[in-house]
Amino acid sequence: MGKILFLIIIAILIFWLIKIQKTKRNNPKDSIESIEDMVVCSYCGTHIPKNEALSNENNQYFCSAKHRELHIKP
Ligand SMILES: [Zn+2]
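In this note's numbering, the protein residues as written are 2 to 75.
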């Protein structure tokens, strides 16, 4: 009876460790995703956050409205 309880405790510990490893793996992914949100200005090549960047109909990103206009009319 004691052996069965011991095996159950070990099984719970293994599941718990797997769960911890999975959450540890998920956290760096979140930071990578935030880095991936950086886009490059099609005019000057500056890296800018996607939410701050301006885009045109060709899915190109620009750091400012001025660079977007300059890219269309060089
Ligand atoms: Zn620019």
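A virtual CB, placed ideally from N, CA and C, is assigned to each residue, including glycine.
CA-to-CA, the gap between residue 71 and residue 44 works out to about 8 Å. Scanning its chain for C-beta atoms nearer than 7 Å, with the 5 sequence neighbours on each side dropped, one finds around residue 42 the residues 49, 62, 63, 64, 68, in chain order. For residue 16, DSSP records no beta bridge to any residue. Contact residues of ligand 1 (beta-carbon closer than 7 Å to any heavy atom; chain order) are 42, 44, 45, 47, 63, 64, 65, 68.
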